[in-house]
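Here the protein sequences come in this chain order: A and B.
Every letter in the first sequence is one number past the one before it in my numbering, and letter 101, counting from 1, is 105.
Every letter in the second sequence is one number past the one before it in my numbering, and letter 18, counting from 1, is 21.
I have placed the structure first, in the form of structure tokens, so that the comments after it can refer back to it.
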Amino acid sequence: MSFSQVMRHDFPEEVPRPGRLAALRERIRHIEQPASHGVLPFGVAAIDRVLPDGGLALGAVHEILGIDGDEEDGAAACGFIAGLLARLRMGPVLWCVKRPDLYGPGLLAHGLDPARLVIVTAPRDEDILWAIEEGLRAPGLVAVIGEIGRLPLVAGRRLQLAAERSGITAFLLRRWRNSEEAARERERPSAAVTRWRIAALPAREVDDLRLRQLIGQPRWRVELLRCRGGVPAQWVVESGDVEVADATGHVRLSPELADRPAAPVDRKEGRLAAEPLQRRTG
Amino acid sequence: MTASGGRRLIAALNPAAAKAGLAPGMPLPDALSFVPGLVTAPADPAADRAALTRLAEWCGRYSPWTAPDETDGIKIEITGSAHLWGGEAALVADISRRLLRQQIAHRIAVASTLGTAWALARHAADAGAPALPTPQDERAALAPLPVEALRLDPDTVQGLRRVGLRHIGELYPMPRDALARRFGANGLENSVAYRLDQAFGDLPEPLSPLGETPSRRVRLSFAEPIADPADLARAIERLVEDLAARLAREGMGARRLALGFHRVDGRVEHIRLGTARPTRDPRHLAKLFTAKLATVDPGLGVEDMILAVFAAEKLEPEQTEFSPHPPAAGVTILPSPLAGEGRGGGIASLLDRLGNRFGLDAISHIEPRQSHIPERASIYVPVNGKKDAASTPSPPPGALRKNRLCRGPQKAAPPPPCGGGGDPGLDPGEPEGAGAAARSALRRIPSDSSCVSSGSRAPSTMLRMVPLPRSAGEEPSRRVKDGSPDKPPRPVRLFRPPEPIEAQWVLPDDPPFRFTWRRRQHRVRHADGPERIAEEWWIEDSAADPRASGDRVRDYYRVEDEEGRRFWLYRAGLPGDPPPRWFVHGLFA
Chain A
5 MSFSQVMRHD FPEEVPRPGR LAALRERIRH IEQPASHGVL PFGVAAIDRV
55 LPDGGLALGA VHEILGIDGD EEDGAAACGF IAGLLARLRM GPVLWCVKRP
105 DLYGPGLLAH GLDPARLVIV TAPRDEDILW AIEEGLRAPG LVAVIGEIGR
155 LPLVAGRRLQ LAAERSGITA FLLRRWRNSE EAARERERPS AAVTRWRIAA
205 LPAREVDDLR LRQLIGQPRW RVELLRCRGG VPAQWVVESG DVEVADATGH
255 VRLSPELADR PAAPVDRKEG RLAAEPLQRR TG
Chain B
4 MTASGGRRLI AALNPAAAKA GLAPGMPLPD ALSFVPGLVT APADPAADRA
54 ALTRLAEWCG RYSPWTAPDE TDGIKIEITG SAHLWGGEAA LVADISRRLL
104 RQQIAHRIAV ASTLGTAWAL ARHAADAGAP ALPTPQDERA ALAPLPVEAL
154 RLDPDTVQGL RRVGLRHIGE LYPMPRDALA RRFGANGLEN SVAYRLDQAF
204 GDLPEPLSPL GETPSRRVRL SFAEPIADPA DLARAIERLV EDLAARLARE
254 GMGARRLALG FHRVDGRVEH IRLGTARPTR DPRHLAKLFT AKLATVDPGL
304 GVEDMILAVF AAEKLEPEQT EFSPHPPAAG VTILPSPLAG EGRGGGIASL
354 LDRLGNRFGL DAISHIEPRQ SHIPERASIY VPVNGKKDAA STPSPPPGAL
404 RKNRLCRGPQ KAAPPPPCGG GGDPGLDPGE PEGAGAAARS ALRRIPSDSS
454 CVSSGSRAPS TMLRMVPLPR SAGEEPSRRV KDGSPDKPPR PVRLFRPPEP
504 IEAQWVLPDD PPFRFTWRRR QHRVRHADGP ERIAEEWWIE DSAADPRASG
554 DRVRDYYRVE DEEGRRFWLY RAGLPGDPPP RWFVHGLFA
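Below, the structure written as structure tokens:
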């Protein structure tokens, strides 16, 4: 199909110019990207609805960020990734770290069997990048996680190409040594398909006076900061045993989803009905 | 020039000086009176030795068995490798030519014993005229040489000279036992009879080679020295193919290899590698070597490359994932993604590439261990094949039994037997690797072998000092969520060592209401705890972490700050004096 045909058939004159441009870009994206490796649905309608094709793109690079003090450690991001990996198909996962502070029992609690992990410890960002890229070229892996600070745009692009070629999904857990590095790197563009930010939220207040002092179920604010072919959005996600009222706008990532193949999307639709807290237009 | 007892003596000299009448051992003033304008330099035995070792290594191109001999010689075992060079004479000519190019004066002798070769090289051979007697002529060749050629100490030589025995040939007719009686006082090494027997091959004298001897070697020589990385890479491919073919014939795979680059100037550069699993995939090996090619300085050129295997293991031929050729259509081979303990077929080559760059120790698996101490309950085990029990203290018999029972990574730990008595329904069978680990741990337990007898259910000697928050009978979802049903939640990040914090609290038993960690203040909004974790008293204080050692008791709290971040804090020591110290040990997601 030639370019002029695209113009004539798919874009009537009344479409305003910016919209036409965006649609054109989308079209080009589809042409440029013939190999799609499918998606991983969250199993939560509110989130999947926002993501193009109804889930997290496989064979692509996704960035996960922490927030504030957690930018150094990425603890919430780590739990988020563990939950995602648990829902990917079984198989070995390469996790590239600068210091080995992953804790098996904690990962298991998020549904990720630590026995699946191959952990490579490397001192510098360049080494981590190299290891990620090697991992993305290795058949047999399901996913590669890189805890990385500095990510040059070109390097990110290389990773994205490698992921597209092999179908292995990469999660870049951005972890910065200090606030200066975080401030420098945070706003840099990257070649990743999506960028997420995971923040721990205070647990909801419990009415029961006896439980008030105790820690409730953990809650995250999950922000989709950038998404190729989608719009930014954010949700409050609560994992745990407590039923969440629909009206508060919470979604619940049920622990039963852990470590089993992705379930059909429309499970228990009623309870999961939730709108994103707010939507910004991209 | 060497200093001895305050005098300066000549240690070594060049031919011109020798012609002028100087000799080693001559004091410098005497020498200066012979040759007034004598140029001298201090002797450096260490540098000489290093240079000799380097030269011996270079001689590795002729045979794997080479070694420096005393301070001025190199011995090479050429049995079995001379034919590769077209015979002994051709081999000697090659050595000679190459040494001359490096401007190294030399004398070469070839003989069937080390003793004869030593004598001939030092006393019969000349520059450009190597001594190459046939085996039958060796006796005759030795006869006119002075007795020093037998590697005797000066005292023995003096003794022989005193009785008029100057040449080796004069010793031949002497009765052996008389010689041994008369000249054997200075130890076996200096016994004339012993040395004679060695020279004639009546006594064996093995050559202990320089360094480790490889089990397999392939060599590639170039008519013209090469230095271009692309050429070197091609050469690597050829070498690796040769080696792979040989390994395939033998049904072996290489674990440890070294590739030597013999440079024109006599230096040898090496690339050494280890693999996570035995391999003989030529493409894979070539990749590993070429990845490190940048570390090799070819200098003016490389004339030989020698690929040596130092460790090899059996590699079954059906492991086709290493094969360069994909299986034929219709033949399905199911690769086990994480065969064994996770060093699976499909990712083995990845592990090698990573290990090649970072070292195999940098690649690890998380393995659960049966321990209450959090940092011991989940440890990093390097993939390099050795199951080290050294880093993990061996648990007591009771705990060991448990270890064998609940090692499956996904399996939740069964509820611990409180006060002895096992639960007969719990044996899930033991995975192979776990068995090996458990057995290796078993050997370290000196007494109480009741748990060793297979199948016997030894009474548990482990005391449970931690209150059990929950018991068995949980629904599966809970198990998945908490990982282990009898444990409160565990963090996703664990700091090793724990990081100290400044904490403020009200009552001695309370969690802190405020703490400062990494120069940031956190106000505690909620807290769970305490969960008391006591030192495993049966383990000697192995001091995995010096700061935490001595904490016999830790009270863990799960706290949430205003932002909602969750920390795993603990108070070291019992409340009271000395004032307790607080640490943050981990972070929850």
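C-beta atoms are modelled at their ideal positions from N, C-alpha and C, and glycine is treated no differently.
Apart from the five residues just before and just after aspartate 485 of chain B, which ones in its own chain have a Cβ nearer than 7 angstroms to its Cβ?
-> Taking the first residue of the second sequence as 1, we reach residue 485 of chain B at position 482. Low per-residue confidence applies at aspartate 485 of chain B: pLDDT is 39, beneath 50, and the placement is therefore not dependable, though the value from the model is reported in the following sentence. If we look at aspartate 485 of chain B and ignore the five residues flanking it on each side, its Cβ neighbours are Pro492.
Which value, in whole angstroms, describes the spacing of the CA atoms of aspartate 47 of chain B and leucine 303 of chain B?
-> Indexing the second sequence from 1 puts residue 47 of chain B at position 44. Indexing the second sequence from 1 puts residue 303 of chain B at position 300. Rounded to whole angstroms, aspartate 47 of chain B to leucine 303 of chain B spans 27 angstroms at the Cα level.
Buried versus exposed call for leucine 176 of chain A [16 or more other C-beta atoms within 10 Å across all chains shown] | Position 172 of the first sequence, counted from the first residue, corresponds to residue 176 of chain A. With 16 or more other Cβ atoms within 10 Å, it is buried.
Take the Cβ of proline 472 of chain B as the centre, count every other Cβ of all protein chains shown within 10 Å, and call the residue buried at 16 or more, exposed below.
-> Here residue 472 of chain B refers to the residue found at position 469 of the second sequence. Caution is warranted here: a pLDDT of 36 is assigned to proline 472 of chain B, below 50, making its placement in the model unreliable, and the coordinate value is therefore given only provisionally. Result: exposed.
With DSSP as the reference, label lysine 317 of chain B as helix, strand or coil.
-> Residue 317 of chain B sits at position 314 when you count from the first residue of the second sequence. Looking at lysine 317 of chain B - three-state DSSP - the assignment turns out to be strand.
Answer with yes or no whether the minimum CB distance from phenylalanine 15 of chain A to chain B is below 8 angstroms.
-> Sequence index remark: in the first sequence, residue 15 of chain A carries index 11 (1-based). Summary for phenylalanine 15 of chain A: the model assigns pLDDT 49, below 50, so the residue's position carries little reliability; its value from the coordinates is reported in the next sentence. No, no contact with chain B.
Assuming histidine 109 of chain B contacts leucine 102 of chain B (C-beta within less than 8 angstroms), just tell me the rounded distance between them.
-> By one-based count along the second sequence, residue 109 of chain B stands at place 106. By one-based count along the second sequence, residue 102 of chain B stands at place 99. Yes, histidine 109 of chain B and leucine 102 of chain B are in contact; Cβ-Cβ is about 5 angstroms, under 8 angstroms.
Is the shortest distance between the beta-carbon of valine 124 of chain A and the beta-carbons of chain B less than 8 angstroms?
-> Position 120 of the first sequence, counted from the start, is the residue given in the question as residue 124 of chain A. Judged by the 8 angstroms Cβ criterion, valine 124 of chain A is in contact with chain B.
Cutoff 6 angstroms; reference alanine 530 of chain B; Cβ partners in own chain excluding five residues on either side | Numbered from its first residue, the second sequence carries residue 530 of chain B at position 527. The beta carbon of alanine 530 of chain B is closer than 6 angstroms to those of Pro514, Tyr560, Val562 in its chain, skipping five residues each way along the sequence.
Helix, strand or coil at valine 562 of chain B [DSSP, three-state] | Along the second sequence, read from residue 1 onward, the residue named residue 562 of chain B stands at position 559. Valine 562 of chain B falls in the strand class under three-state DSSP.
The stretch 494-511 of chain B: positions lying closer than 9 angstroms to chain A by Cβ = Pro494, Val495, Arg496, Leu497, Phe498, Arg499
Measuring alpha carbon to alpha carbon, tell me which of B/Leu163, B/Asp72, B/Val386, B/Arg164 ends up nearest alanine 120 of chain B.
-> Position 117 of the second sequence holds residue 120 of chain B. The shortest C-alpha separation from alanine 120 of chain B is found at B/Asp72.
Go ahead and label serine 374 of chain B buried or exposed: buried means 16 or more other beta carbons lie within 10 angstroms of its beta carbon, across all protein chains shown.
-> In the second sequence, counting from the first residue as 1, residue 374 of chain B sits at position 371. Buried is the call here.
CB contact check: proline 398 of chain B to chain A, cutoff 8 angstroms = Translated into the one-based positions of the second sequence, residue 398 of chain B becomes position 395. At proline 398 of chain B the pLDDT is 40, less than 50, meaning the model places this residue with poor confidence; the figure from the coordinates comes in the next sentence. False, the Cβ-Cβ gap to chain A never drops below 8 angstroms.
Closer than 7 angstroms, Cβ to any Cβ of chain B: which residues of the stretch 22-55 of chain A, in chain order?
-> Correct list: empty, as no residue qualifies.
Collapsed DSSP secondary structure at tyrosine 2 of chain B in the structure displayed | This structure gives no information on residue 2 of chain B, because the portion of chain B shown stretches from 4 to 592.
Proximity to valine 556 of chain B [Cα-Cα], best of B/Glu565, B/Glu534, B/Arg569 = In the second sequence, counting from the first residue as 1, residue 556 of chain B sits at position 553. Ranking the options by Cα distance to valine 556 of chain B, first place goes to B/Glu534.
Does any C-beta atom of chain A lie closer than 8 angstroms to the C-beta of leucine 353 of chain B?
-> Mapped onto the second sequence, residue 353 of chain B falls at position 350. Yes, because at least one Cβ of chain A sits closer than 8 angstroms to the Cβ of leucine 353 of chain B.
Touch test, the stretch 237-247 of chain B against the stretch 145-156 of chain B, Cβ-Cβ under 8 angstroms, three pairs minimum = At 8 angstroms Cβ cutoff, the stretches do not touch.
Tyrosine 601 of chain B - partner residues in DSSP beta bridges | Given that chain B is displayed from residue 4 to residue 592, the structure contains no residue 601 of chain B and the question cannot be resolved.
Within 10 angstroms of the Cβ of phenylalanine 518 of chain B, are there 16 or more other Cβ atoms? Answer buried if so, exposed if not.
-> Indexing the second sequence from 1 puts residue 518 of chain B at position 515. Around the beta carbon of phenylalanine 518 of chain B, 16 or more other beta carbons lie within 10 angstroms, which makes this residue buried.
Counterpart residues of leucine 69 of chain A in DSSP-defined beta bridges = Numbered from its first residue, the first sequence carries residue 69 of chain A at position 65. In the DSSP output, where bridge partners are listed per residue, leucine 69 of chain A has A/Arg201.
Could you please give the first and the last residue of the uninterrupted alpha helix (DSSP H) stretch that includes arginine 237 of chain B?
-> Working through the second sequence from its first residue, we reach residue 237 of chain B at position 234. Start and end: 232-253.
Separation of alanine 49 of chain A from proline 56 of chain A, as counted between CA atoms | Counting from 1 along the first sequence, the entry for residue 56 of chain A is found at position 52. Counting from 1 along the first sequence, the entry for residue 49 of chain A is found at position 45. A direct Cα-to-Cα measurement between proline 56 of chain A and alanine 49 of chain A gives close to 12 angstroms.
Other residues of its chain near alanine 19 of chain B: CB distance less than 8 angstroms, five sequence neighbours each side excluded = Stepping through the second sequence from its first residue, residue 19 of chain B is reached at position 16. No residues qualify anywhere along the chain.
Closer than 8 angstroms, CB to CB, is isoleucine 68 of chain A near chain B or not?
-> Against the first sequence, residue 68 of chain A aligns to sequence position 64. False, the Cβ-Cβ gap to chain B never drops below 8 angstroms.
Pairing CB atoms from the stretch 173-186 of chain B with CB atoms from the stretch 26-36 of chain B, are three or more of them under 8 angstroms?
-> no
Which ranges would you report for the beta strand (DSSP E) in the stretch 93-117 of chain B if only whole runs of at least 3 residues count?
-> none
Given alanine 85 of chain B, which residues of its chain have a CB within under 7 angstroms of its CB, disregarding the five upstream and five downstream residues?
-> As a working note, residue 85 of chain B is residue 82 in the second sequence. Excluding sequence neighbours, alanine 85 of chain B sits near Glu91, Leu94.
Using a Cβ cut-off of 8 angstroms, pull out every chain A residue sitting near proline 533 of chain B, in sequence order please.
-> Position 530 of the second sequence, counted from the first residue, corresponds to residue 533 of chain B. Simply none; closest approach about 13 angstroms.
Classify alanine 575 of chain B as helix, strand or coil using the three-state DSSP reduction.
-> By 1-based counting over the second sequence, the position of residue 575 of chain B is 572. Three-state result, alanine 575 of chain B: strand.
Give the secondary structure of alanine 20 of chain B by DSSP, where H, G and I count as helix, E and B as strand, and everything else as coil.
-> Position 17 of the second sequence, counted from the start, is the residue given in the question as residue 20 of chain B. Residue state, collapsed to three classes: helix.
Stretch-stretch touch, CB-based, cutoff 8 angstroms, three pairs: the stretch 104-118 of chain A with the stretch 142-149 of chain A = no
Isoleucine 219 of chain A versus chain B: which residues are under 8 angstroms apart at the beta carbon?
-> Walking along the first sequence from the start, residue 219 of chain A turns up at place 215. Neighbours of isoleucine 219 of chain A on chain B, chain order: His529, Ala530, Asp531, Arg561, Val562, Glu563, Arg569.
Near leucine 210 of chain B, which residues of its chain fall below 7 angstroms by C-beta distance, leaving aside the five closest residues on each side in sequence?
-> For the purposes of this step, residue 210 of chain B is taken as residue 207 along the second sequence, with counting starting at 1. Excluding residues within five positions, the ones whose Cβ falls inside 7 angstroms are Trp68, Ala70, Lys78, Glu80, Leu117.
Rank A/Gly171, A/Ala166, A/Ser194, A/Glu168 by C-alpha distance to the C-alpha of arginine 178 of chain A and give the top, closest one.
-> Position 174 of the first sequence, counted from the first residue, corresponds to residue 178 of chain A. Measuring from the Cα of arginine 178 of chain A, the nearest candidate turns out to be A/Ser194.
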